[in-house]
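As structure tokens, the structure follows; a few thoughts come after it.
Number of protein chains: 2
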Amino acid sequence: MCQLFALNSLAPAAVTFAFTGFSARGGATGEHADGFGLAFHDGQACRRFVDPAPACDSVLAQFLRTHPIHARTVLAHIRKATQGPVQLANCHPFVREWQGREWSFAHNGDLKDFHPRLDGSYRPVGQTDSERAFCWMLQKLRRRFRRALPDWTRLGPAIAELAEAIAPHGKFNFLLSDGRALYAYGATRLFWLQRRHPFGTAHLVDHDLTLDLATTNGPDDRMVLVATEPLTRNEAWQPFAPGELRVFVDGEEAWRHVPAAVTGRLQPGLVMQPA
Amino acid sequence: MCQLFALNSLAPAAVTFAFTGFSARGGATGEHADGFGLAFHDGQACRRFVDPAPACDSVLAQFLRTHPIHARTVLAHIRKATQGPVQLANCHPFVREWQGREWSFAHNGDLKDFHPRLDGSYRPVGQTDSERAFCWMLQKLRRRFRRALPDWTRLGPAIAELAEAIAPHGKFNFLLSDGRALYAYGATRLFWLQRRHPFGTAHLVDHDLTLDLATTNGPDDRMVLVATEPLTRNEAWQPFAPGELRVFVDGEEAWRHVPAAVTGRLQPGLVMQPA
């Protein structure tokens with residue numbers, strides 16, 4: 021299985037500290053040594069760095085740990101191969117253009133018997149179930165919103181519907197973004213955290229490294245972090261409910277959706293309502 | 021105006037030496053300081069590195085000059101902005117997926133009044149004439165070859181036709197690849213060179229740096245280099261004829277096409293014939 025990490029921030033921010041902890045799981049403190057990738061969104065464009073080498077000792081990962089790239093939305097992934105060999109074509113995040121924006125997607129999980137009909141709008145380059153799911157989701161969104169690109173208020177419910185159609189095929193936790201919003205879906209395991217003023221210190225789980233967040237952030241900054249497993253030991257990471265989709269915009273939760281079956285047990289009234 | 025560089029090789033090869041000379045033109049020995057990019061093809065996938073900083077002093081360019089990435093086809097571009105601001109979205113090479121392969125495209129030139137109707141298959145992310153041309157070319161290829169991806173023997177003539185349709189709009193020298201073949205079109209200015217056994221030494225134009233090619237290549241290696249201006253001073257770079265498309269496969273010229281008007285003056289019989 022793989023691990024996911026994402027940042028969504030009001031102001032452009034670096035992920036060098038978080039990636040230092042996260043990438044240690046790519047072969048050092050974790051077994052996810054089959055490649056890694058990061059996608060940095062910048063306006064409509066997205067800059068992707070991928071490498072089939074283990075994140076803990078790849079020279080590209082070392083470059084990314086030591087050279088901060090500031091972005092408002094970042095997706096990261098470390099891979100433990102389940103479907104498809106260890107190669108560049110199978111490294112997440114995957115990126116495709118839709119409506120003049122670059123979309124990035126990363127998946128943690130494993131889908132069985134998921135072979136939807138693809139009409140050719142998007143075809144997988146590699147052999148993963150993950151890229152297949154991404155291509156199918158974009159194909160469905162493209163058919164549904166033909167004329168113009170809607171914002172997250174219309175995309176959120178549509179993406180929740182697609183996630184629920186795929187989730188029965190196995191484990192399906194994913195991150196999706198077009199740089200305007202971060203869509204995070206936690207079928208089985210995903211955590212999130214908001215950082216805002218007053219900023220404290222953060223201590224990595226995977227490294228003996230502490231960062232005083234007040235030195236790197238101003239009073240107006242705020243950001244959301246999402247991860248398969250909490251990256252820091254002294255912050256209040258919150259678990260996603262099973263099947264929950266959360267939409268983050270400008271470092272804040274904008275909307276969430278919990279499937280009806282789960283809502284009954286958790287918090288009625290959250291379904292399809294803006295947060 | 022921008023500058024182009026490409027490699028097509030039988031065996032995976034590094035471009036650190038060539039990129040050292042080429043990237044010096046991105047702000048040091050040349051004025052192309054508005055960003056740069058490289059696309060390394062690996063099977064069906066393509067790994068793209070882009071940066072809006074000048075290639076001569078970008079930390080990413082420095083990383084790419086000192087950490088060889090081996091690939092059989094590489095496209096590179098240094099930008100001097102003519103259309104579209106200096107930003108990530110306007111950095112070449114551009115990459116899109118078609119038929120499960122990633123295609124990369126880089127352009128040197130300037131197109132006037134080129135606003136073709138785009139059906140939504142591919143839309144520009146940035147504001148350049150170049151990305152618009154790339155999207156339109158892929159759209160046309162996609163419509164023409166709906167079922168399966170043809171090889172270069174069918175794609176070459178189709179790409180030559182598209183290039184000739186765009187070229188009257190201004191200057192249009194470009195590089196295009198899907199990792200199987202390198203398509204290079206020289207409307208006004210483009211050079212190429214083949215290296216094969218016995219390998220000599222190469223001396224960069226833009227740096228006081230010499231490489232003994234025999235130490236980095238074996239007797240069976242062969243490769244083609246394409247560039248807007250020759251990168252080395254002691255090798256036999258050949259100019260493209262005006263409007264010439266050359267297709268390179270496995271480090272060798274596989275096919276070329278010269279427009280009829282030019283052929284009359286140059287070499288009759290080369291039109292639409294395998295080389």
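As they're listed, the protein sequences go chains A and B. Adding 20 to a residue's 1-based position in the first sequence gives its number in my numbering. Adding 20 to a residue's 1-based position in the second sequence gives its number in my numbering. Ideal placement from N, C-alpha and C gives every residue a C-beta, glycine not left out. Note that this is a predicted model, so its numbers are computed, not measured.
Short CB-CB distance (under 8 Å) between residue i and chain B
i	result
A/L108	yes
A/L27	no
A/M243	no
8 Å Cβ cutoff, residue i in contact with chain A
i	result
B/Q64	yes
B/V145	yes
B/E122	yes
B/Y205	no
Amino acids of chain A, ordered along the chain, whose beta-carbon sits closer than 7 Å to that of residue i
i	result
B/R116	E117
B/H334	For chain B, the structure presents residues 21 to 295; residue 334 of chain B sits outside this window and is missing.
B/R67	V70 and L108
Spatial neighbours of residue i in its chain, beta-carbon cut-off 6 Å, leaving aside the 5 residues before and after
i	result
B/N237	F219
B/V94	L27, V35 and F60
B/T230	T221 and H223
A/P170	none
B/A89	The sequence shown places Ile at residue 89 of chain B, not Ala. Once the five neighbours on either side are set aside, the close Cβ partners of B/I89 are F60.
A/W156	P136
A/F194	H127 and Y205
A/A247	F25 and F211
A/S141	Q159 and R162
B/Q214	V244
B/E272	none
A/Q107	P72
B/A187	A207
B/G176	V267 and W275
Partner residues on chain A for residue i, Cβ-Cβ distance less than 9 Å
i	result
B/F83	V79, L80, F83 and H87
Same chain only: Cβ atoms within 7 Å of residue i, ignoring 5 sequence neighbours per side
i	result
B/T102	M21 and D130
B/L182	M157 and K160
A/A180	L265 and H277
A/L138	C155, W156 and Q159
A/A48	C76
A/T252	A222, H223, L224 and V225
B/R45	Q23, H52, I98 and D226
A/R209	N193 and T248
A/P279	E184 and G263
B/P32	H90, A91 and R92
Contact set for residue i: own chain, Cβ-Cβ below 8 Å, skip 5 residues either direction
i	result
A/L30	R92, D240, D241, R242, M243, D270, G271 and E272
B/G120	Q64 and L169
B/N254	G220, T221, A222 and H223
8 Å Cβ cutoff, residue i in contact with chain C
i	result
A/T248	The chain inventory of the structure shown lacks chain C, comprising the protein chains A and B.
| Is it true that the stretch 57 to 70 of chain B meets the stretch 237 to 254 of chain B, where meeting means three or more beta-carbon pairs spaced less than 8 Å apart? | The stretch 57 to 70 of chain B vs the stretch 237 to 254 of chain B: no contact.
| What are the start and end residues of each continuous alpha helix (DSSP H) run of 4 or more residues lying completely inside the stretch 149 to 182 of chain A, in chain order? | Fully enclosed alpha helix (DSSP H) runs of 4 or longer: 149 to 164.
| Is the stretch 68 to 77 of chain B close to the stretch 201 to 219 of chain B, with three or more CB pairs under 8 Å? | With the rule of 3 Cβ pairs closer than 8 Å, the stretch 68 to 77 of chain B does not count as touching the stretch 201 to 219 of chain B.
| Contiguous beta strand (DSSP E) assignments of at least 3 residues, all confined to the stretch 201 to 258 of chain B | Within the stretch 201 to 258 of chain B, the complete beta strand (DSSP E) runs of at least 3 residues are 202 to 206, 211 to 216, 221 to 223, 230 to 232 and 242 to 247.
| request: Could you say if the stretch 258 to 267 of chain B and the stretch 31 to 48 of chain B meet the contact criterion of at least three C-beta pairs nearer than 8 Å? | output: No: fewer than three Cβ pairs fall under 8 Å.
| field | Within the stretch 34 to 118 of chain A, ranges of the alpha helix (DSSP H) (whole runs, at least 4 residues) | value | If we require 4 residues or more, the alpha helix (DSSP H) runs fully inside the stretch 34 to 118 of chain A come out as 36 to 44 and 79 to 86.
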